[in-house]
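Taking it in order: structure first as structure tokens, then the write-up.
There are 2 protein chains.
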Amino acid sequence: MLGKVVVIGVGLIGGSFALSLKKAGAVGEVVGMGRSPKVLERALELGIVDSITVSSEQAMRGASLVLIAAPVAQTQAILAALEPYLEPHTVVTDAGSTKGDVVHAARAALGNKIGQFVPGHPIAGRESNGPDAAIDDLYVGKKTVITALPENRVGDVELVAGAWQACGALIHHLSPQEHDRVFAAVSHLPHLLAFALVDDIANKPHAELLFQYAASGFRDFTRIAGSSAEMWRDISLANRDALLGELDAYLAQLTALRGKLADGDGAALEAVYANARRARRAWTGEIEKAEQPAPSSAE
Amino acid sequence: MLGKVVVIGVGLIGGSFALSLKKAGAVGEVVGMGRSPKVLERALELGIVDSITVSSEQAMRGASLVLIAAPVAQTQAILAALEPYLEPHTVVTDAGSTKGDVVHAARAALGNKIGQFVPGHPIAGRESNGPDAAIDDLYVGKKTVITALPENRVGDVELVAGAWQACGALIHHLSPQEHDRVFAAVSHLPHLLAFALVDDIANKPHAELLFQYAASGFRDFTRIAGSSAEMWRDISLANRDALLGELDAYLAQLTALRGKLADGDGAALEAVYANARRARRAWTGEIEKAEQPAPSSAE
Numbered sequence: 162m163l164g165k166v167v168v169i170g171v172g173l174i175g176g177s178f179a180l181s182l183k184k185a186g187a188v189g190e191v192v193g194m195g196r197s198p199k200v201l202e203r204a205l206e207l208g209i210v211d212s213i214t215v216s217s218e219q220a221m222r223g224a225s226l227v228l229i230a231a232p233v234a235q236t237q238a239i240l241a242a243l244e245p246y247l248e249p250h251t252v253v254t255d256a257g258s259t260k261g262d263v264v265h266a267a268r269a270a271l272g273n274k275i276g277q278f279v280p281g282h283p284i285a286g287r288e289s290n291g292p293d294a295a296i297d298d299l300y301v302g303k304k305t306v307i308t309a310l311p312e313n314r315v316g317d318v319e320l321v322a323g324a325w326q327a328c329g330a331l332i333h334h335l336s337p338q339e340h341d342r343v344f345a346a347v348s349h350l351p352h353l354l355a356f357a358l359v360d361d362i363a364n365k366p367h368a369e370l371l372f373q374y375a376a377s378g379f380r381d382f383t384r385i386a387g388s389s390a391e392m393w394r395d396i397s398l399a400n401r402d403a404l405l406g407e408l409d410a411y412l413a414q415l416t417a418l419r420g421k422l423a424d425g426d427g428a429a430l431e432a433v434y435a436n437a438r439r440a441r442r443a444w445t446g447e448i449e450k451a452e453q454p455a456p457s458s459a460e
Numbered sequence: 162m163l164g165k166v167v168v169i170g171v172g173l174i175g176g177s178f179a180l181s182l183k184k185a186g187a188v189g190e191v192v193g194m195g196r197s198p199k200v201l202e203r204a205l206e207l208g209i210v211d212s213i214t215v216s217s218e219q220a221m222r223g224a225s226l227v228l229i230a231a232p233v234a235q236t237q238a239i240l241a242a243l244e245p246y247l248e249p250h251t252v253v254t255d256a257g258s259t260k261g262d263v264v265h266a267a268r269a270a271l272g273n274k275i276g277q278f279v280p281g282h283p284i285a286g287r288e289s290n291g292p293d294a295a296i297d298d299l300y301v302g303k304k305t306v307i308t309a310l311p312e313n314r315v316g317d318v319e320l321v322a323g324a325w326q327a328c329g330a331l332i333h334h335l336s337p338q339e340h341d342r343v344f345a346a347v348s349h350l351p352h353l354l355a356f357a358l359v360d361d362i363a364n365k366p367h368a369e370l371l372f373q374y375a376a377s378g379f380r381d382f383t384r385i386a387g388s389s390a391e392m393w394r395d396i397s398l399a400n401r402d403a404l405l406g407e408l409d410a411y412l413a414q415l416t417a418l419r420g421k422l423a424d425g426d427g428a429a430l431e432a433v434y435a436n437a438r439r440a441r442r443a444w445t446g447e448i449e450k451a452e453q454p455a456p457s458s459a460e
């Protein structure tokens with residue numbers, strides 16, 4: 162049971178964390194902080210947080226756990242504002258989609274208090290944002306990656322893991338560098354590709370005609386292009402090197418595929434498509450197996 | 162009311178057409194044909210078709226309408242087999258995702274009977290295939306594009322349109338060339354991109370680790386990479402020129418975006434992302450408005 166939890170950024174991610182902890186009875190009190198008074202007031206109105214404040218000093222007094230759920234580019238400024246009021250027992254974590262840059266920012270802001278910062282990344286989302294999108298089961302069955310630092314105390318890592326487990330999440334451990342390489346490939350690159358495709362089509366002179374015939378396949382392919390442009394700007398820049406590496410590999414793959422298409426090489430095209438289909442089916446098969454309820458012990 | 166309808170290819174598309182016509186009471190009898198006896202027998206078992214045959218002569222005797230719902234590369238061979246038995250009143254249509262090549266194949270196979278062929282393309286799909294995936298409401302509220310030929314009789318075009326309307330579809334008219342340019346952009350290119358991404362990841366040495374962290378965004382982005390490799394090989398080749406044009410435009414777009422990322426130009430990245438987000442939101446807003454039930458006349 163956590164006592165006082167401070168959530169900085171009370172939108173989808175932070176708000177769902179607060180609601181999930183409350184539902185589990187795992188928290189005494191949730192305090193909301195953030196940039197926008199309007200958003201904070203909405204979170205209070207929705208019962209996501211018990212109180213709101215603009216004072217770091219007041220927020221941090223007696224806090225067990227602080228979650229930073231704001232665009233990653235703001236991490237350093239947020240931590241620098243908290244640092245003077247950080248009590249020795251308080252653990253700070255975050256929900257940023259990149260970790261290398263967050264760790265760098267945290268070291269700069271916290272100095273020798275860096276051991277109190279346990280970086281994290283819940284792998285969950287929805288198409289909508291803000292406090293109204295927050296739900297109490299967003300994290301159930303989803304992964305949260307913790308990228309612990311050498312300076313972290315084991316008990317503090319366990320406290321962060323326990324909070325996410327109370328939300329229903331499954332805990333995975335990666336290094337910040339492993340994390341960033343993995344997510345460049347399976348998340349950041351697909352976002353960039355989807356944004357690029359929609360922008361490409363929207364800028365064509367016959368865009369209106371094209372959108373008229375876009376159907377469910379296009380809708381699913383581009384769903385992630387409905388995400389926050391500011392957030393994805395920050396993520397792209399924060400994980401720039403890994404993302405450039407993945408983008409270059411993909412550009413090489415597309416250029417090779419273009420050659421096969423230009424040559425009319427049906428067998429080569431089919432081999433790529435069939436390999437993709439097989440790999441995707443194997444992957445979704447694994448997911449479905451994981452989502453099956455465990456058999457009861459009586460069987 | 163149609164009399165005898167022949168469906169060639171009794172999987173998702175052809176099977177759903179048959180089931181929808183039956184549900185609407187718009188057909189007397191449905192005869193199934195196709196490459197695989199096993200698939201035909203399954204369609205018969207499921208009540209999708211009333212009888213099955215391997216004889217073109219028998220199938221075509223007294224038929225009002227024939228739907229070809231097979232991979233587009235087979236269109237010419239199928240039409241050539243039907244041609245000797247094509248009665249003057251029979252109308253033939255298809256459900257192919259490309260139209261220029263289909264028209265070319267139809268002209269070669271049908272010669273001076275080309276006026277009896279009315280090309281079509283229902284814009285609907287599901288992730289699964291085969292007769293077991295066929296449903297009686299696949300086309301409700303979806304578009305069917307008819308790309309009529311100069312040789313078509315107006316009454317025959319109306320017969321094909323009427324059949325799709327009985328299935329619940331909305332009829333749109335484009336030329337075969339317009340059709341192929343539009344679908345290269347909003348369907349064929351996204352399929353190629355999704356196949357390429359999954360193949361790219363599956364071929365990496367740490368593919369297993371990557372798939373472990375792929376989440377719902379990746380799942381949606383790559384849903385279309387679960388489609389039939391053979392079908393998409395055929396579509397890619399059939400619409401090669403338009404698809405190459407769209408792919409080249411996209412490669413140029415990605416290369417420009419890569420430059421912005423490498424330069425760390427956050428404002429330029431955000432502008433692309435924000436434009437994509439705005440365009441997609443406007444598009445999905447239009448779809449949602451179109452899906453609203455019409456207000457009743459009393460209001």
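Line order of the protein sequences matches chains H and V.
In terms of the numbering used here, the first sequence opens at residue 162 and continues consecutively.
In terms of the numbering used here, the second sequence opens at residue 162 and continues consecutively.
Glycine included, C-beta positions come from ideal geometry on N, C-alpha and C.
From a predicted model like this one, the values you see are computed outputs, not experimental measurements.
Whose Cβ in chain V lies nearer than 7 angstroms to the Cβ of Thr383 (chain H)? Position 222 of the first sequence holds residue 383 (chain H). Near Thr383 (chain H) (Cβ distances below 7 angstroms), the residues of chain V are Arg441.
Under 8 angstroms Cβ-Cβ, which residues of chain V neighbour Asp361 (chain H)? As a position in the first sequence, residue 361 (chain H) is number 200, starting the count at 1. Those within 8 angstroms of Asp361 (chain H) in chain V are Ala410, Tyr411 and Gln414.
Using the rule of at least 16 other Cβ atoms within 10 Å of the residue's Cβ for burial, across every protein chain shown, is Asp361 (chain V) buried or exposed? As a first step, residue 361 (chain V) must be located in the second sequence, where it is residue number 200. Buried, since its Cβ has 16 or more Cβ neighbours within 10 Å.
Backbone CA spacing between Gly281 (chain V) and Tyr300 (chain V) [nearest angstrom]: Taking the second sequence and counting its residues from 1, the one referred to as residue 281 (chain V) is at position 120. Taking the second sequence and counting its residues from 1, the one referred to as residue 300 (chain V) is at position 139. A direct Cα-Cα distance of roughly 13 angstroms separates Gly281 (chain V) from Tyr300 (chain V).
Leaving out the 5 sequence neighbours to the left and right, which residues in its chain are closer than 6 angstroms to Asp395 (chain H) when beta-carbon positions are compared? On the first sequence, position 234 is the one that residue 395 (chain H) refers to. Same-chain partners within the cutoff: Pro232, Val233 and Ala234.
Kindly indicate if chain H contains any beta-carbon less than 8 angstroms away from that of Trp444 (chain V). As a first step, residue 444 (chain V) must be located in the second sequence, where it is residue number 283. With 8 angstroms as the cut-off, Trp444 (chain V) counts as an interface residue toward chain H.
Name the one or two DSSP bridge partners that Leu331 (chain H) has. Here the question's residue 331 (chain H) lines up with position 170 in the first sequence. Partner(s): H:Lys304.
Check for me: the beta strand (DSSP E) holding Asp262 (chain H) runs from which residue to which? Taking the first residue of the first sequence as 1, we reach residue 262 (chain H) at position 101. Counting along the chain, Asp262 (chain H) falls outside any beta strand (DSSP E), though it belongs to the alpha helix (DSSP H) covering Gly261 to Leu271.
Mind pulling the chain H residues with CB within less than 8 angstroms of Val347 (chain V)? Here residue 347 (chain V) refers to the residue found at position 186 when the second sequence is read from its first residue. The contacting residues are Ile362, Leu371, Phe372, Tyr374, Ala375, Ala376 and Phe379.
Compute the Euclidean distance between the alpha carbons of Ser458 (chain H) and Gly302 (chain H), then round it to the nearest angstrom. Your numbering for residue 458 (chain H) matches position 297 in the first sequence. Your numbering for residue 302 (chain H) matches position 141 in the first sequence. A caution first: Ser458 (chain H) carries a pLDDT of 43, below 50, which makes its placement in the model too unreliable to give a value.
Does the beta carbon of Arg438 (chain V) come closer than 8 angstroms to any beta carbon on chain H? As a working note, residue 438 (chain V) is residue 277 in the second sequence. Taking Cβ atoms only, chain H reaches closer than 8 angstroms to Arg438 (chain V), which makes this a yes.
Decide if Gln219 (chain H) is buried, meaning its Cβ has at least 16 other Cβ atoms within 10 Å, or exposed. By one-based count along the first sequence, residue 219 (chain H) stands at place 58. Per the 10 Å Cβ criterion, exposed.
Taking Leu299 (chain H) as the query, report the chain V residues whose CB atoms sit under 8 angstroms from its CB, ordered along the chain. Counting from 1 along the first sequence, the entry for residue 299 (chain H) is found at position 138. Within chain V, no residue comes near Leu299 (chain H); the closest Cβ sits about 11 angstroms away, beyond 8 angstroms.
Give the secondary structure of Lys365 (chain V) by DSSP, where H, G and I count as helix, E and B as strand, and everything else as coil. Within the second sequence, residue 365 (chain V) is the residue found at index 204, counting from 1. Coil at Lys365 (chain V), not helix or strand.
Would DSSP call Val321 (chain V) helix, strand or coil? Along the second sequence, read from residue 1 onward, the residue named residue 321 (chain V) stands at position 160. Helix at Val321 (chain V).
Please report the Cβ distance between Val166 (chain V) and Ser212 (chain V), rounded to the nearest whole angstrom; I am assuming they are in contact, meaning their Cβ atoms lie under 8 angstroms. By one-based count along the second sequence, residue 166 (chain V) stands at place 5. By one-based count along the second sequence, residue 212 (chain V) stands at place 51. Not confirmed; about 12 angstroms, so no contact.
Count the C-beta pairs between the region 309 to 328 of chain H and the region 270 to 280 of chain H that are closer than 8 angstroms, then say yes if the count reaches three, no if not. yes
Please classify His282 (chain H): does DSSP put it in a helix, a strand, or coil? Residue numbering aside, residue 282 (chain H) sits at position 121 when the first sequence is read from its first letter. In the structure shown, His282 (chain H) sits in a strand (DSSP, three-state: E or B).
Of all the residues that make up the region 285 to 309 of chain H, which are near chain V by a beta-carbon distance shorter than 8 angstroms? Ala285, Gly286, Lys303, Lys304 and Val306
At the 8 angstroms Cβ level, is Ala241 (chain H) part of the contact set with chain V, yes or no? Translated into positions along the first sequence, residue 241 (chain H) becomes position 80. Chain V, which has no Cβ nearer than 8 angstroms to the Cβ of Ala241 (chain H), makes this no.
What are the complete alpha helix (DSSP H) segments, minimum 4 residues, inside the region 368 to 450 of chain V? Within the region 368 to 450 of chain V, the complete alpha helix (DSSP H) segments of 4 residues or longer fall at 368 to 374, 377 to 382, 390 to 399 and 401 to 423, listed in chain order.
Three-state class that DSSP yields for Ser225 (chain H) in the structure shown: Within the first sequence, numbered from 1, the residue matching residue 225 (chain H) stands at position 64. Three-state DSSP puts Ser225 (chain H) in a strand.
Roughly how many whole angstroms lie between the Cα atoms of Val264 (chain H) and Gly272 (chain H)? Here the question's residue 264 (chain H) lines up with position 103 in the first sequence. Here the question's residue 272 (chain H) lines up with position 111 in the first sequence. Answer to the nearest angstrom: the Cα atoms are 11 angstroms apart.
Nonlocal neighbours in the same chain, by C-beta distance under 8 angstroms from Lys450 (chain H), ignoring five residues either side: Translated into the one-based positions of the first sequence, residue 450 (chain H) becomes position 289. Nothing listed; no residue qualifies.
Answer with buried or exposed for Glu206 (chain V), where buried requires no fewer than 16 other C-beta atoms within 10 angstroms of its C-beta. Numbered from 1 along the second sequence, position 45 holds the residue referred to as residue 206 (chain V). Exposed is the call here.
I'd like to know whether the C-beta atoms of Pro245 (chain V) and Phe382 (chain H) end up nearer to each other than 8 angstroms. Residue 245 (chain V) sits at position 84 when you count from the first residue of the second sequence. Residue 382 (chain H) sits at position 221 when you count from the first residue of the first sequence. Not a contact, by the Cβ cut-off of 8 angstroms.
Measure the alpha-carbon distance for Val188 (chain V) versus Leu335 (chain V) and round it to whole angstroms. On the second sequence, position 27 is the one that residue 188 (chain V) refers to. On the second sequence, position 174 is the one that residue 335 (chain V) refers to. The straight-line gap from Cα to Cα measures roughly 27 angstroms.
With which residues is Met194 (chain V) paired in a DSSP beta bridge? Counting from 1 along the second sequence, the entry for residue 194 (chain V) is found at position 33. For Met194 (chain V), which the question treats as bridged, DSSP gives the partners V:Ile169.
Could you please give me the residues that DSSP links to Ile213 (chain H) through a beta bridge? Here residue 213 (chain H) refers to the residue found at position 52 of the first sequence. DSSP, once it has assigned bridges, lists H:Gly193 as partnering Ile213 (chain H).
Please identify, using Cβ separations under 9 angstroms, the residues of the region 327 to 352 of chain H that lie next to chain V, in order along the chain. His333, Leu335, Glu339, His340, Arg342, Val343, Phe344, Ala346, Val347, Ser348, Leu350, Pro351 and His352
Return helix, strand or coil for Ala220 (chain H), following the three-state DSSP convention. By 1-based counting over the first sequence, the position of residue 220 (chain H) is 59. In the structure shown, Ala220 (chain H) sits in a helix (DSSP, three-state: H, G or I).
Close-in-space but distant-in-sequence residues of the same chain around Pro456 (chain V) (CB under 6 angstroms, 5 per side omitted): Indexing the second sequence from 1 puts residue 456 (chain V) at position 295. At Pro456 (chain V), the pLDDT of 49 sits below 50, so the modelled position is not reliable; the number obtained from the coordinates is stated separately. Nothing meets the Cβ criterion.
Using a Cβ-Cβ distance cut-off of 8 angstroms, determine whether Leu173 (chain H) contacts chain V. On the first sequence, position 12 is the one that residue 173 (chain H) refers to. Not closer than 8 angstroms to any Cβ of chain V, the Cβ of Leu173 (chain H) fails to qualify, so no.
In or out: Pro337 (chain V) buried (at least 16 other Cβ within 10 Å) or exposed? In the second sequence, counting from the first residue as 1, residue 337 (chain V) sits at position 176. When all chains shown are included, Pro337 (chain V) counts as buried.
Starting from Asp255 (chain H), trace the beta strand (DSSP E) in both directions and tell me its first and last residue. On the first sequence, residue 255 (chain H) is found 94 positions in, with the first residue counted as 1. Here the beta strand (DSSP E) through Asp255 (chain H) covers Val252 to Asp255.
Beta-carbon proximity of Gly172 (chain V) to Pro292 (chain V), cut-off 8 angstroms: Counting from 1 along the second sequence, the entry for residue 172 (chain V) is found at position 11. Counting from 1 along the second sequence, the entry for residue 292 (chain V) is found at position 131. Going by C-beta atoms, Gly172 (chain V) is nearer than 8 angstroms to Pro292 (chain V).
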